[in-house]
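Just below is one structure, and these are the notes that go with it.
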Amino acid sequence: PGEAMSAADTHPAAPLPQPDDLTRQRLLRAALAYAARFGFALFPLFEPAGTVCSCPRGATCNSPAKHPRAKGGRQQATVDPERLRDAWTRWPHANIGMAVGESDVIVLDVDPTQGGNESLAALLATVGQPPLPHTALATTGGGGMHYLFRRPPGLGRVRGQLLARGLEVKADGAYIVLG
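Numbering follows our numbering, in which position 116 of the sequence shown is assigned residue number 122; successive positions increment by one, without gaps.
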């Protein structure tokens, strides 16, 4: 460990991956891991192209890098590794979208730019509850947080709703960006 590689340690037929290849591999590996480990139903989203969306609307897109690449979008979400490989082979830089309801997850979306941190603190103080339980977290592109909770068994359809300024429940019919 810690020793430098010599020329004898490398093989000319197996070059080191380039940054672009690493990004592609990272996104595909992440999608496969989310599906296998957590059962998240996933689908490809457009990705950023510099400071704009990679979709045909580019700079005029009102939801940059957050909307589905494929026709059917969220309805095409899957946990099937072959379908995920196909999607990320076709669109290797695609952001990863997770269909919330199809993944048996309920998300608490805290948007600090809209007062979400203050709303969450006020809500917890009002109900006299301690901080939220330990759960999976995903950072949003806007600096917020998605708290992911497993849907309790037997719980029927859950409709998303705005709880307070910057504090929203996302559930059946919604999706979030994982990466």
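Heads up, the beta-carbon is just placed ideally off N, CA and C, and yes, glycines get one too.
In this text, all values refer to a predicted model and were calculated from it rather than measured experimentally.
- Leaving aside the five residues that flank Ser-109 on each side, the residues in its chain whose CB is nearer than 7 Å to its CB run, in chain order, Gly-45, Phe-46 and Ala-47.
- Where Glu-174 is concerned, the enclosing beta strand (DSSP E) starts and stops at 173-176.
- Excluding its 5 nearest sequence neighbours in each direction, Cys-61 has C-beta neighbours in its own chain below 6 Å: Phe-52 and Cys-67, listed in chain order.
- Leaving aside the five residues that flank Val-111 on each side, the residues in its chain whose CB is nearer than 6 Å to its CB run, in chain order, Leu-154.
- Distance between Thr-132 and Gly-79, taken at the CA atoms: about 38 Å.
- The C-alpha of Pro-70 is placed about 24 Å away from the C-alpha of Ala-41.
- Considering only Tyr-181, Thr-95 and Asp-92, the residue with the shortest C-alpha distance to Ala-144 is Tyr-181.
- Counting along the chain, the unbroken beta strand (DSSP E) around Arg-156 starts and ends at 151-156.
- DSSP places Pro-87 in the uninterrupted alpha helix (DSSP H) bounded by 87-96.
- In its chain, beyond the 5 residues on either side, Leu-33, Pro-50, Leu-51, Phe-52, Glu-53, Arg-75, Ala-93 and Trp-94 have a beta carbon closer than 8 Å to the beta carbon of Ala-100.
- Exposure of His-140 is indicated by the presence of fewer than 16 other C-beta atoms within 10 angstroms of its C-beta.
- DSSP places Gly-103 in the uninterrupted beta strand (DSSP E) bounded by 101-105.
- For Leu-169, the enclosing beta strand (DSSP E) stretches over residues 167-170.
- For Ala-71, there is no enclosing alpha helix (DSSP H), as DSSP marks it with neither H nor E.
- When DSSP states are grouped into helix, strand and coil, Leu-143 belongs to the strand group.
- DSSP places Ala-47 in the uninterrupted beta strand (DSSP E) bounded by 47-51.
- The residue from Ala-36, Arg-165, Met-151 and Ala-128 with its alpha-carbon nearest to that of Pro-87 is Ala-36.
- Contact annotation: Arg-171 and Ser-125 have beta-carbon atoms nearer than 9 Å.
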